[in-house]
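In what follows, a structure is listed as structure tokens, so that the remarks can point back to it.
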Amino acid sequence: MSAGSRKSKATTFILVHAMLLVVSVVVVVPLLYLVISAFKTEQGFLEYLFLPKGDGFLGIDWNELTTDQIERLFKGDIGIGRALANSIFLSATTAVLGTLICAAAGYASAALRFRGRKSFEWLVLAALIIPPPLLIAPSYQWLHTLGLLDSYAGLILPAIAPAFGVYLFRQATLQSVPSSIIEAARIDGAGDFQIFAVIALPMLRPMVGAFIIITFLAMWNNFIGPQIVLQSAEKQPLSVVIYQTQTAYYSDYGLLMAGTLVSVLPVMILFLVLQRDFISGLASGAVKG
Amino acid sequence: MNAKAKPKSNFAPYMLIAPFMVLFIVFTLVPLIQAVPLATHHTFGPSATQYVGFEKFSQALHDPRFWTAMRNTLLFTAGSVFIQLPVALGLAMLLNKPGIKGRGFFRLLFFSPQLVGLVFVAVLASVMFQKQKGLVNSLLAGGADWLRGLPLLHANSWLPSRSDLLGIPWLETLALPTLIITALWMYAGFNMVYFLAALQNVPRELEEAAMIDGAGPWKRFTNVILPSIRPVGIFVVLLSVIGSIQVFELAYIMLREGVGVQDKGLTLVTYLFKSGFEIGDLGYATAIGWVIAVMLAAAAVTQRVLQRREMTA
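Chains A and B, in that order, give the protein sequences. First residue of the first sequence: 6, per my numbering; consecutive thereafter. First residue of the second sequence: 61, per my numbering; consecutive thereafter.
Next up, the structure:
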């Protein structure tokens, strides 16, 4: 290899990393802005963009920062504590039930033989193309008929049987649960439920992790659902409460950013715990897809 | 033992799919079937309805707001496909270069805006794109001041003034570009993950062979890389089109009154939502829902045709 080519390689190396750093800044600045603004007073928000200059550590006036906004969120009439609890309950319930239901159906359609299996597979594939916006208005009318408006059941029950979940778990079973293992367990006298719960589910772990994140995030960020189904203020999750805060406290940016930060942190933590499963599940699905 | 296990396996599969089937029928299939009659009714809230035949569809055809929403939605979709996806592919190619330090870290970092979630990204963006005190305009004004301070540019008048930059109406008349920029920030890293997974499956020898044959970077990109990632590319385009046609939360939460000034950021799902739940006409909302359904079906069929051509080629 010539010296010139080595030199151009080094230039490329520096150039590529410089570009990555620029993109990183673009990605990080809004996130940083969100975190910093959550600790500013209303006045402070208007006076400086990021951190206030001063005599403190790193030339920043740390005393200007405050947790007042976060305290206001929990103490005042905004009631973000209750909204946070509502969101956690709704999302966790949906994630656990949805994952179990989809894993069971997906496993059955991939690994077990039964009459009507072909029709079931066809149904799941057909259901993938049902467009959610089409169901918004009829679902509202139907939930009204069923008497499920303003109840958590009206929000959770429609969310825990997504067809794409069955499809994902069917693919994952075909890929990572060998039929020889199922056969061997059956010969040893294990029943189908036992094989599913004790043998298949642990082997499906990456997909379970990915799907828990997907369903949890979907409910956490569900905005149109609670807007339509829930009426009582004390039942609303964070997504709606933050939106209402935005409308009611229009120019109270610090408060708004504090509320957003409180809403986003639990999801970030869940993701960091499960991210290895998530990225590998997402990536394998894409390549096979 | 074996004889005992056999009859069990006949009944177990049905028990395993039963919870899904029951919920799917009650909460997806029934509303789907009801979407047919509901689109032919005029409603005032959930219970008062009146049969009007296909009037709701002709109402849409003659409704200028509906066409504004259609135009905005298609432009937003075009922005996703022609701006956001090339950026995502570019990022993936940067990260796929051999010898990148901290590849996993960058991948997680670029993906992270996705984790903030639509509603909360929309709230954050609505603050950042504010006219006078928002971060975006403040940074633009600061950048212009800095440029003015440079000796060579000192007397230049082509730079917009500070007050012009602070007054850029992102959430008002520039609603649509603002939506596209926000979606770019949020989803480029997400789509990059797909592209990166596809690129990592392209054998490096293939590119090296092309390089030895004297193919330049652009030739290598169009003749080696693009064909190799085509299947994933088609899949990502489809996902992006499907998601963009359904854009709602970003627009509804970010923009002034949920639509921007003069409906500049009104989208189809926003209009569906407003028709059904602010005006109370569930029939009209459902008719708009059918239009969206046809658009999504068209996108899916196009993808199938492209993929089939792939297989026969």
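Just so you know, even glycine gets a beta-carbon here, dropped at the ideal spot from N, CA and C.
Using CA atoms only, rank isn't needed, just tell me which of the options is closest to residue i.
i              : options                        : result
E309 (chain B) : A:P136, A:R118, A:I229, A:Y112 : A:I229
I352 (chain B) : B:V196, B:A129, B:F71, B:V112  : B:A129
F180 (chain B) : B:L226, B:T242, B:V262, B:G202 : B:T242
L332 (chain B) : A:G214, A:I161, A:P138, A:R191 : A:P138
N226 (chain A) : A:V213, A:L179, A:L89          : A:L89
L70 (chain A)  : A:E47, A:N91, A:L243, A:I85    : A:E47
Y258 (chain A) : B:F117, B:F337, B:S186, B:T133 : B:S186
V183 (chain B) : A:S144, A:V267, A:P136         : A:V267
L96 (chain A)  : A:L51, A:P271, A:L20           : The sequence given here has Ser at residue 96 (chain A), not Leu. Nearest of A:L51, A:P271, A:L20 to S96 (chain A), Cα basis: A:P271.
L160 (chain A) : A:G121, A:N91, A:L130, A:L179  : A:N91
Q144 (chain B) : B:G303, B:V354, B:L328         : B:G303
F117 (chain B) : B:L175, B:I294, B:T100         : B:T100
V453 (chain B) : B:P97, B:L89, B:P124           : Examination of residue 453 (chain B) is not possible in this model, given that chain B is present from 61 through 373 alone.
A238 (chain A) : A:K12, A:P167, A:Y157, A:R210  : A:Y157
N197 (chain B) : B:T238, B:L178, B:G162         : B:T238
L175 (chain B) : A:V32, A:Q232, A:S256          : A:V32
M4 (chain A)   : A:G49, A:G84, A:L179           : Here chain A comprises residues numbered 6 to 294, so residue 4 (chain A) is not present and cannot be evaluated.
A132 (chain A) : A:P167, A:R118, A:T150, A:S256 : A:P167
F169 (chain A) : A:L128, A:A142, A:S184, A:S144 : A:L128
L199 (chain B) : B:I228, B:L210, B:G177         : B:I228
F337 (chain B) : A:Q236, A:P207, A:V269         : A:Q236
E52 (chain A)  : B:P106, B:M81, B:R131, B:L195  : B:L195
R369 (chain B) : B:I348, B:R290, B:M314, B:V354 : B:R290
L117 (chain A) : A:F62, A:S184, A:D193          : A:S184
Just to confirm my understanding: we take residue i, look at its own chain, exclude 5 residues before and 5 after, and list those with CB closer than 6 Å. What are they?
i              : result
Q94 (chain B)  : none
A100 (chain A) : I217, T220, F221
I186 (chain A) : none
G139 (chain B) : I240
In angstroms, rounded to a whole number, what distance separates the CA positions of residue i and residue j?
i              : j              : result
A311 (chain B) : A205 (chain A) : 42 Å
Y254 (chain A) : T265 (chain A) : 13 Å
G103 (chain A) : A120 (chain B) : 37 Å
L212 (chain B) : W206 (chain B) : 12 Å
L36 (chain A)  : P173 (chain B) : 8 Å
A202 (chain A) : A358 (chain B) : 40 Å
A65 (chain B)  : I93 (chain A)  : Reliability of the predicted coordinates at A65 (chain B) is poor, the pLDDT of 44 falling under 50, and no value is obtained from them.
T16 (chain A)  : A275 (chain B) : 20 Å
V297 (chain B) : M252 (chain B) : 12 Å
L275 (chain A) : M224 (chain A) : 14 Å
A360 (chain B) : Q280 (chain A) : 30 Å
Q306 (chain B) : K123 (chain A) : 31 Å
L299 (chain B) : P57 (chain A)  : 43 Å
N261 (chain B) : Q241 (chain A) : 45 Å
F189 (chain B) : F171 (chain B) : 22 Å
T252 (chain A) : Y38 (chain A)  : 21 Å
I294 (chain B) : G164 (chain B) : 25 Å
K191 (chain B) : V329 (chain B) : 26 Å
I272 (chain B) : G202 (chain B) : 48 Å
Y74 (chain B)  : I165 (chain A) : 18 Å
S256 (chain A) : M208 (chain A) : 51 Å
T282 (chain B) : V278 (chain A) : 39 Å
T98 (chain A)  : L243 (chain A) : 16 Å
H149 (chain A) : P106 (chain B) : 7 Å
S42 (chain A)  : S335 (chain B) : 36 Å
P158 (chain B) : F166 (chain B) : 14 Å
E267 (chain B) : M262 (chain A) : 47 Å
A23 (chain A)  : N156 (chain B) : 15 Å
Does the distance from the C-beta atom of residue i to that of residue j stay below 9 Å?
i              : j              : result
P5 (chain A)   : F87 (chain B)  : This structure gives no information on residue 5 (chain A), because the portion of chain A shown stretches from 6 to 294.
L260 (chain A) : R77 (chain A)  : yes
F255 (chain B) : L168 (chain B) : no
L25 (chain A)  : I285 (chain B) : no
A115 (chain A) : Q199 (chain A) : no
A110 (chain A) : V182 (chain A) : no
E134 (chain A) : L356 (chain B) : Here the sequence assigns Ile to residue 134 (chain A), which means Glu is not the residue at that position. A contact, by the Cβ cut-off of 9 Å.
F142 (chain B) : L236 (chain B) : no
G196 (chain A) : A72 (chain B)  : yes
P91 (chain B)  : W67 (chain A)  : no
L259 (chain B) : I106 (chain A) : no
L326 (chain B) : A113 (chain A) : no
F44 (chain A)  : I83 (chain A)  : no
I141 (chain A) : I247 (chain A) : no
Excluding the 5 residues flanking residue i on each side, which residues of the same chain have their C-beta closer than 7 Å to its C-beta?
i              : result
A204 (chain B) : L219, P220, R222, L225
R316 (chain B) : L231, E232
V28 (chain A)  : none
A148 (chain B) : A248, N251, M252, F255
Tell me, please, whether the CB atom of residue i is closer than 9 Å to any CB atom in chain D?
i              : result
I339 (chain B) : The question asks about chain D, but that chain is absent: this structure's protein chains are A and B.
Indicate whether the contact test is met: 3 or more Cβ pairs, each with one atom in the stretch 315 to 322 of chain B and one in the stretch 340 to 348 of chain B, closer than 8 Å. no
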